[in-house]
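A.B. asks: Residue numbers (our numbering): 27 to 1098. Even glycine gets a Cβ: it sits at the ideal position worked out from N, Cα and C.
1) Kindly indicate the opening and closing residues of the alpha helix (DSSP H) around residue 57.
2) Taking buried to mean at least 16 other C-beta atoms within 10 Å of its own C-beta, is residue 741 buried or exposed?
3) Sort 886, 1007 and 1054 by Cα distance to residue 62 and report the nearest one.
4) Can you grab the Cα-Cα spacing for the pair residue 1034 / residue 821, in whole Å?
5) Roughly how many angstroms separate the alpha carbons of residue 681 and residue 527, rounded to a whole number?
6) Under 8 Å between the Cβ atoms of residue 640 and residue 230?
7) Only counting the same chain, and skipping five residues up and downstream in sequence, which positions put a Cβ closer than 7 Å to that of residue 52?
8) If the criterion is Cβ atoms closer than 8 Å, does the pair residue 915 and residue 835 meet it?
9) Could you please give me the residues that DSSP links to residue 253 through a beta bridge?
10) Suppose only complete runs of 4+ residues qualify. What are the alpha helix (DSSP H) ranges in the region 436 to 469, listed by chain order?
11) Quick check: the region 845 to 862 against the region 711 to 727, are there 3 or more CB pairs under 8 Å?
12) When you compare only the Cα positions, how much space is there between residue 116 and residue 59?
13) Please state whether DSSP places residue 1048 in a helix, a strand or coil.
14) Answer yes if the region 101 to 111 comes into contact with the region 136 to 153, meaning at least three C-beta pairs across the two stretches below 8 Å, and no otherwise.
15) Please state whether DSSP places residue 316 in a helix, a strand or coil.
16) On the criterion of 16 or more Cβ atoms from any shown chain inside 10 Å, does residue 642 qualify as buried, or is it exposed?
17) Who are the near neighbours of residue 315 in its chain, counting only those whose CB is closer than 7 Å to its CB and skipping five residues on each side?
18) Reducing DSSP to helix, strand and coil, say where residue 646 ends up.
19) Could you check the C-alpha separation between residue 176 and residue 744 for me, to the nearest Å?
20) Have a look at residue 556 and residue 723 and give me their C-alpha separation to the nearest angstrom.
21) Just to confirm before moving on: does the CB-CB distance between residue 336 and residue 411 stay below 8 Å?
22) Give a yes or no on whether the C-beta atoms belonging to residue 805 and residue 866 are separated by under 8 Å.
23) Relative to the C-alpha of residue 579, which residue among 768, 660, 483 and 677 is closest?
24) Starting from residue 873 and walking both ways along the alpha helix (DSSP H), at which residues does that stretch end?
25) Can you tell which of 444, 131 and 787 has the C-alpha that lies nearest to the C-alpha of residue 683?
26) May I ask which residues mark the beginning and end of the alpha helix (DSSP H) holding residue 628?
27) Count the other CB atoms within 10 Å of the CB of residue 858; is the residue buried (16 or more) or exposed (fewer)?
28) Could you check where the beta strand (DSSP E) with residue 532 kicks off and where it finishes?
29) Helix, strand or coil for residue 361 per DSSP?
30) How many Å lie between residue 453 and residue 325 at the Cα?
31) Name the residue from 937, 763, 305 and 136 whose alpha carbon lies nearest to the alpha carbon of residue 837.
32) Using only CA atoms, which one of 224, 148 and 223 lies nearest to residue 195?
33) Can you have a look at residue 746 and say buried or exposed, based on whether 16 or more other CB atoms are within 10 angstroms of its CB?
34) Flag this pair as yes or no: are the beta carbons of residue 72 and residue 78 separated by less than 8 Å?
35) Can you list, in chain order, the residues of its chain with a C-beta nearer than 6 Å to that of residue 416? Leave out the 5 residues immediately preceding and following it.
36) Take residue 1008 as the anchor and find which of 280, 67 and 971 has the nearest alpha-carbon.
Have a look at this one:
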């Protein structure tokens, strides 16, 4: 217990873990505790030696001599969770691999505080204290899905009640959470140069100066403009709500609609409507994305229980619609009171049913308001205006519901509908579709799909999608005969110009800000960065084309994002950050101050002097000295700033740092940032930096699930990085994160893998100690290598080669497989193969050395401990210990071993099967195994191999297309039907992929009989057989008739010897 109190304080943070270790459960955590102690020791060694400190050199780095990797800095509105750890691990493994190989590696880390989440959370705490006290006494509401109070969230993070009230001040978040994150990442073993760390916002005067320079530079280049645009907006926050300001709805854009104005015709339905609306131009407002269908408008739909209002949009016009849509209009300049709704009258759907309307484009003189079916009543007011147009000719739901209202009097009576409102309504086809004849599209599709009820939601949705996908021509109106895709924008424009419609925007789906506010679309005048501008886009495309993205899928995502990305609002009025230099009422939004800061890492340690806030800097440089000319000189190849009073040696040192480390080699990120942050990174680098400093690579990953379920606080399936470190230790966490998965698909952190890692690593540690303590008499020393020795040595060579390839491709799950799982299996197989002949000591020492180096990027603490303590090596394994040396793998030897192991496995299976059939009689007889070998293909097999050799491209390492191979087989003189040849063809193609072109020869690259003779005792031992004979297929006559018959039933082939199991008395064995 002493070591826990003295050395593992940093790791075991939570009181929960401490409590468990203080109880009887301490014994079950003994293995974990061993790893924790090793981690503490290794981290102390690294800290004392400044192992992860990275400095530039005067000479530019040669190819593969430096590596600069980074990751989007996490937002500091809480502690890091396991999902952060997953993305960070990808960068960490890559950096650790390159550092191991002797490269000068820079891995910096910073903390993002820009934007509204911190300010919003601080304000929530203030409101909760004001409403419920300090500490607050919340109402006892027992709801499973209720949102937590911010106070509860802070409490869950381990912050005590007497401290939480201090977080009303946003600056408290900046002084608290970055240090917590730093402690967690140090405990994780992150190989970071912490001298370069910093926080964002104007609290850091150096970073504030850097962002101001970046924004001024973009504006001077004409890449920042001010204009009015429709954008997602939070009325509560009073500003646009960008992706990172959202709790729900990241990536959602404004959706454009045509808002149809259906004029209300007197008389009104009630005295209250008459009193409030008489003398006004009153319209029911409905949205459509298909304005061409308004020719077929028959009525309007409302939700009977829906809540509506009559809202003034100017002095004379009133729109009836739901409150949410009215708020959207108010922020789009369509309200009598700017940015406020002016409601003359509250209404329900029942108040509107039966109202007469007119709409000039419709063929009907009078339209009536009718009730929407109950199946959609609850949805109708959640989208659009809450009022729908009815076009039964082209909308399946409209067709079915109107048909049922006409055919069912009881249904009309339910809503008190008059017959004259419904029965005269006829369906008029307005769009011609090939193959539909004279029928309206909705009518034909519903009949074809046998839809008869408005309750068949799935079918109706499918029908609607089908109709939307059809190409058609307009049958009516001034554009009759023209295709829909041509006339749609013309009709929309005409409706707006004649004031029958309004252009309207709302979010394409729900967006909730981090303040808990439902967002709308507002027409706002603000500052925009002109992403998507033609010439700038060409530069971004050029940059993207030159970058490594490590997956075709990721490249597709980037290309798609680049194709649609347009102007981006870069200013905000609420939150934390840097002021827009020329318009200080605004702040730079959180994604716009984080697109070039990777360059800031190269000089931050020279500016900050060890202070992440840059305000108590020990540096000789003052923030006000960092003028635009200085930043230009350092980053943008600008001239030497003669007016600067910064010493030239310091200026040149900053420029040297940037020129040495840039461009960065790798940026690791979650896939969700491709569409914004990573695209912005490309754009800003191409605009502000010379081409030779454009980014070299992005590696994107999916999200992390926890035990095969979505990780989320709301469902209780959540783990912070801090708690995971206390539960498993850093190396086991890193092991499980490597095993979780690579690529853009969502990965899975498995607790069982983390637990297994604890067991594997501690057992391996014990085994290594045993090997190092074992006397030479227990192991073989020197002498000629046995077959088992050669196989084991070859497996290590294969592991060294394959693991290097996987690390280079940043495929860490595969690296773990080839560099740990497979290598461990090879060692265990070697132990079995040696049996009583003992293992080779030199090979075991080589194995330990190879295993330690291959696992170092993933489990560095374990590796460092073995390296320094058990192997007694100098220096640090994590820094420039070098990749293990290995000879070129012998694939033929691998093939020979596979051949032998498969034979042993087949003998065992056959023996078990035969023994179970013989039962007790087997004990009275001896077991004899005869292995019959055929060493060369002949006949149709040889002909197939000849064809395959002719269809194999040695340079490309692949076969011709299967069709070409089939044609060659058909033209050959094969005696065997093609369908029987194909399994052999496929088998040989697979063998060629694994073992090379030697698999296409008529003989194997090794002598089968010789191999089996040399290892006969090993085969007998592992198969558990005392009497075993080898026989060539050419010598079958020497066998007994029984053995010969069995060999005929299952004939051997090259690479596939036939084992024959026989039970014989002793005298019979002699005659064999």
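C.D. replies: So, from the data block:
1) 56 to 75
2) exposed
3) 886
4) 20 Å
5) 59 Å
6) yes
7) Legend: pLDDT at residue 52 = 41, less than 50; position of this residue unreliable, value from coordinates given subsequently. None.
8) no
9) 552
10) 445 to 448
11) no
12) 26 Å
13) helix
14) yes
15) coil
16) exposed
17) 283
18) coil
19) 17 Å
20) 24 Å
21) no
22) yes
23) 768
24) 867 to 881
25) 131
26) 623 to 634
27) exposed
28) 527 to 533
29) coil
30) 11 Å
31) 763
32) 148
33) buried
34) Yes, the pair counts as a contact, with Cβ atoms nearer than the cut-off.
35) 324, 325, 327 and 424
36) 971
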